[in-house]
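Take a look at the structure set out below.
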Amino acid sequence: MRFSLKPQDDTFYAFFNDAAENIRRGVGILAELGDDAPDFQKISERLVDVEHDNDQLTHRLFNKVNSTFVTPMDRTDMYHLAGKLDDILDHIEAAANLVYLYGLSDLPALPREMIEQITVLTQQAELLVEFMPKLKGLNASMQDFWVECNRLENDGDRAYRMLLVRLYSGEYPALTVMKLKEVGDELEAACDSFESVSNVVESVYVKES
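In the numbering used here, the protein residues as written are 295 to 503.
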């Protein structure tokens with residue numbers, strides 16, 4: 295049995311679990327962009343609220359870290375992990391906001407490849423919720439997390455590249471291409487941020503093993 299001098303304060307791990315749930319909630323709202331008749335304004339507004347909730351959660355974590363003498367994880371790792379989790383929601387909220395502000399609701403539908411990006415984000419969010427509670431203890435099964443994160447990130451890259459192929463095919467007017475690409479860039483950044491989370495978790499695992 296491994297012995298550790300570090301305290302096992304569940305409060306810290308609860309922060310990360312709550313952040314994962316916030317992200318799943320945010321991605322669920324984002325996925326409504328693929329509905330038959332999405333309310334783009336309400337989707338954007340609801341995601342602003344979710345992102346704000348997560349900002350407050352992140353601030354509470356930072357305050358907890360700063361006021362705790364001995365933390366169960368390296369302080370720098372906790373800062374990085376919280377920051378990367380927050381990045382995911384920042385990009386998701388930005389994508390939905392751009393769809394609304396750019397008036398992309400006038401399109402018959404968003405490009406299929408963009409919906410595929412959102413599908414990958416949905417899978418990443420579910421994976422995050424499944425594995426974040428396992429952060430405490432960091433058993434060997436945690437390795438499946440970053441392996442699967444990498445696979446999903448590759449799926450996201452493929453969807454993004456195919457989106458670019460479609461955007462540059464001449465199907466859309468030039469201004470619409472620019473708007474859609476900005477949204478696609480934010481979705482790709484969100485996908486990359488999920489992998490950044492897994493990289494931090496892998497680093498913690500290596501340190502603690």
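Where a beta carbon is used, it is the ideal one built from N, C-alpha and C, also for glycine.
Bear in mind the structure is a predicted one, so any value in this text is a computation, not a measurement.
Subject >> For A313 and L404, the rounded distance between their alpha carbons >> reply: Roughly 28 Å separates the two Cα atoms.
Subject >> Reference F425; option with closest CA among T416, V414, L415 and Q437 >> reply: Q437
Subject >> Backbone secondary structure at M367 - three-state DSSP >> reply: coil
**OP:** Quick one: measure Cβ to Cβ for L429 and F309, integer angstroms, because I've assumed they're closer than 8 Å.
**Re:** The beta-carbon separation of L429 and F309, rounded to 10 Å, does not stay under the 8 Å limit for a contact.
Original post:
Are three or more beta carbon pairs between the stretch 407 to 421 and the stretch 356 to 367 nearer than 8 Å?
Top reply: Segments in contact, no.
Subject >> Proximity winner among C443, S361, D343 and K475, relative to V494 (alpha-carbon distances) >> reply: Closest by alpha carbon: C443.
**OP:** State the start and end residues of the unbroken alpha helix (DSSP H) segment that holds A468.
**Re:** Its alpha helix (DSSP H) spans residues A468 to E502.
Original post:
Taking contact to mean at least 3 C-beta pairs separated by less than 8 Å, is the stretch 377 to 397 in contact with the stretch 468 to 486?
Top reply: yes
**OP:** Using 7 Å as the cut-off, classify the Cβ of E496 as near or not near the heavy atoms of the ligand SAM, replying yes or no.
**Re:** Here there are no bound small molecules, and the ligand SAM is not part of this structure.
Subject >> Ranges of the alpha helix (DSSP H) found wholly within the stretch 408 to 467, counting only runs of at least 4 >> reply: Entirely contained in the stretch 408 to 467, the alpha helix (DSSP H) runs reaching 4 residues are, in chain order, 437 to 461.
Original post:
Do you know how far the Cα of F306 is from the Cα of M295?
Top reply: Residue placement at M295 cannot be trusted, given a pLDDT of 40 that sits under 50; what the coordinates show is reported in the next sentence. Straight-line Cα distance between these residues: approximately 23 Å.
**OP:** Please list the segments of the alpha helix (DSSP H) lying wholly inside the stretch 327 to 388, counting only runs of 4 or more residues, in order along the chain.
**Re:** 334 to 360
**OP:** Output the distance between the C-alpha atoms of P301 and F363, rounded to the nearest integer angstrom.
**Re:** Only weak support is given to the placement of P301: the predicted model assigns it a pLDDT of 48, under 50, and the question is left unresolved by the model.
Original post:
Would you call the CB atoms of C414 and A453 closer than 8 Å?
Top reply: Before going on, a small fix: residue 414 reads as Val here, not Cys. It is a contact, given that the beta carbons lie within the stated cut-off.
Original post:
What's the C-alpha gap between S361 and E489?
Top reply: 29 Å
Original post:
Given that a residue counts as buried once 16 or more other Cβ atoms are within 10 Å of its Cβ, and exposed if not, what is D380?
Top reply: buried
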